[in-house]
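A.B. asks:
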Amino acid sequence: MLTGKKKIIRASITYLIVFTAAFFLGAAIGVRPLSTLKEKPILGEVQTKSGETSELIPVSEVMNYIKERYVKEVPPQILIRGAINGMVQALEDPYSVFMEPEEFEDFMISLNGSFEGVGLSLDVDEETGEIIVVAPIEGTPAHKAGIRPRDRIVKVDGVELKGKSIDEAVKLLRGKKGTKVTVYVERPGVKEILKYELVRDDIRLKTVKWDIIENDIGYVRISSFDSYTSEEFENALTALQQKGIKALVLDLRDNPGGDLDEAVRVADMLMGKGLVVFTRDRYGNKLEEYYSDDASLELPLAVLINENSASAAEIVSGALQDSKKAVLVGKRTFGKGTVQELMPLNDGSGLKMTIAKYYLPSGRSIDGKGVEPDVEVSLKKVESSSYEIPINEDEQLKKAVEILKTKF
């Protein structure tokens with residue numbers, strides 16, 4: 000059974016634009032105010048008689064000056080919103096965002112409700128600021144239309160995305176079922192801008208698919224981690240074991256991540272007793288630790304990863320690698336390993352802010368680094384996602400099978 004410290008509410012680990020709002024796949028377990036994370040004093044903080052910190056005095060002075068002298072009357076709330084947005088933008092972190100009440104409400108609904116959209120997992124190129132596709136979610140409008148991992152979204156319905164945040168991009172892509180949205184993308188190696196006209200739809204993700212290959216090797220693909228993934232995975236694993244498999248391939252390629260708790264539960268079924276992942280704040284303090292119990296898959300295991308395996312997928316593959324439970328085959332993973340915490344504000348707005356990094360059992364961080372495979376194998380059809388490659392042409396899968404056959 001999964002064990003661990005009390006979970007904070009988080010927007011785990013990567014954006015999934017599947018439905019009505021910008022959201023990170025993640026289970027809302029509880030809220031920890033940001034103030035509880037301050038285990039060391041903030042340097043230079045001096046209290047004034049009014050209770051304000053000295054650093055806030057210029058802010059108050061500017062606000063009062065605008066209220067008294069600006070040529071037009073400006074509602075105080077507008078000024079406060081601008082100040083908050085400015086503070087968050089000063090972090091230069093694409094994952095830290097201030098949300099207005101309506102946006103925050105949509106965000107919270109999206110964590111627990113049903114959604115409508117096009118089915119894209121997005122991230123931000125930290126060097127260029129461009130919005131990039133981590134992976135289209137299998138079976139969604141974006142996937143069916145042919146949008147691919149690493150495509151760069153440059154425009155949505157005539158609105159240029161240059162300089163836009165992920166949340167702003169999500170707001171443009173979301174919408175009611177049956178409505179249309181036009182997405183323009185740049186693709187590596189293709190000169191012209193590609194245009195996709197998509198129809199938004201209801202999307203219920205089935206994140207686990209399984210099969211038997213080579214007569215006696217089980218194959219399980221996890222496309223992302225949502226609140227049902229561990230249950231689906233357990234059912235798949237049980238069915239495969241009942242059929243007498245001698246080894247297992249776990250395919251995490253093009254998996255953008257999702258619910259951390261579900262990812263840990265999947266690892267728990269495979270790796271045996273031990274630490275799965277832990278988090279540290281900026282002071283180096285451990286915030287959370289996740290452990291698995293004694294249950295373990297007593298079969299040879301290979302895990303497929305690629306450049307688009309991100310976040311929760313990296314945690315599962317990295318933990319299995321560190322515990323020496325599996326051999327990793329493919330390419331180095333995406334490298335997204337930060338924790339975002341949600342803080343509701345008293346006016347209905349909210350803040351989503353990066354507060355920690357994830358670390359694998361060995362102590363290594365995946366953020367910006369990814370997980371290296373034990374056996375590196377490239378796909379010949381580099382322009383295709385792994386979803387589109389026939390099994391007999393899938394060099395990474397063929398190598399995994401070859402390795403497993405030496406173990407039984």
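Count the sequence shown with numbering that gives the first Met the number 0 and you get residues 0 to 407, in order.
Backbone N, C-alpha and C fix where the C-beta goes; we use that ideal spot for every residue, glycine too.
#1: Is it a yes or a no for the stretch 218-226 touching the stretch 239-250, going by three-plus beta-carbon pairs under 8 Å?
#2: Report yes if the C-beta distance between residue 408 and residue 196 is below 9 Å; otherwise report no.
#3: Output the boundary residues of the alpha helix (DSSP H) element that contains residue 237.
#4: According to the Cβ coordinates, are residue 336 and residue 304 closer than 9 Å?
#5: Is residue 202 closer than 9 Å to residue 115 when the C-beta atoms are compared?
#6: To the nearest angstrom, how far is it from the Cα of residue 444 to the Cα of residue 70?
#7: Compute every distance between the C-beta of residue 284 and the non-hydrogen atoms of the ligand NAD, then say whether any falls below 8 Å.
#8: Helix, strand or coil for residue 319 per DSSP?
#9: In three-state DSSP terms, what is residue 99?
#10: Just confirm the distance between the C-beta atoms of residue 362 and residue 334, as a whole number of angstroms; I'd bet it's less than 8 Å.
#11: Just to confirm, is the Cβ distance from residue 228 to residue 265 under 9 Å?
#12: Among 358, 271 and 234, whose alpha-carbon lies nearest the alpha-carbon of residue 324?
#13: Under three-state DSSP, which class holds residue 394?
#14: Spatial neighbours of residue 298 within its chain, please: CB distance less than 6 Å, with the 5 preceding and 5 following residues excluded, ordered by chain position.
#15: Am I right that residue 198 and residue 177 are in contact with their C-beta atoms under 8 Å? What's the rounded C-beta distance?
#16: Does the beta-carbon distance from residue 135 to residue 119 come in below 9 Å?
#17: Hey, residue 352 and residue 90: beta-carbon distance below 9 Å or not?
#18: What does DSSP give as the partner residues of residue 304 in its beta bridges?
#19: Quick one, which of 398, 158, 128 and 379 has its alpha-carbon nearest residue 326's?
#20: When you compare only the Cα positions, how much space is there between residue 259 and residue 357?
#21: Return helix, strand or coil for residue 404, following the three-state DSSP convention.
#22: What's the C-alpha gap between residue 188 and residue 236?
#23: State the Cα-Cα distance for the pair residue 350 and residue 94, rounded to the nearest angstrom.
#24: Just the C-alpha distance for residue 164 and residue 65, rounded to the nearest angstrom, thanks.
#25: As a quick exercise: from 379, 404 and 402, pick the residue whose alpha carbon is nearest that of residue 392.
#26: State the beta-bridge partners of residue 358 as determined by DSSP.
C.D. replies: Reading off the structure:
#1: yes
#2: Any property of residue 408 remains undetermined from this structure, which presents the chain solely from 0 to 407.
#3: 228-241
#4: No, these two residues do not count as a Cβ contact at 9 Å.
#5: yes
#6: Only positions 0 to 407 of the chain appear in this structure, which leaves residue 444 out of reach.
#7: This structure lacks the ligand NAD, and indeed carries no ligand of any kind.
#8: helix
#9: Here DSSP, grouped into helix, strand and coil, assigns residue 99 to coil.
#10: With 8 Å as the limit, residue 362 and residue 334 do not qualify as a contact, their Cβ atoms being about 16 Å apart.
#11: Yes. Within cutoff.
#12: 271
#13: helix
#14: 246 and 247
#15: 7 Å
#16: yes
#17: yes
#18: The partner list for residue 304 (beta bridge, DSSP) reads 329.
#19: Minimum Cα distance to residue 326 is reached at 398.
#20: 10 Å
#21: Helix.
#22: 39 Å
#23: 11 Å
#24: 28 Å
#25: 379
#26: 277 and 364
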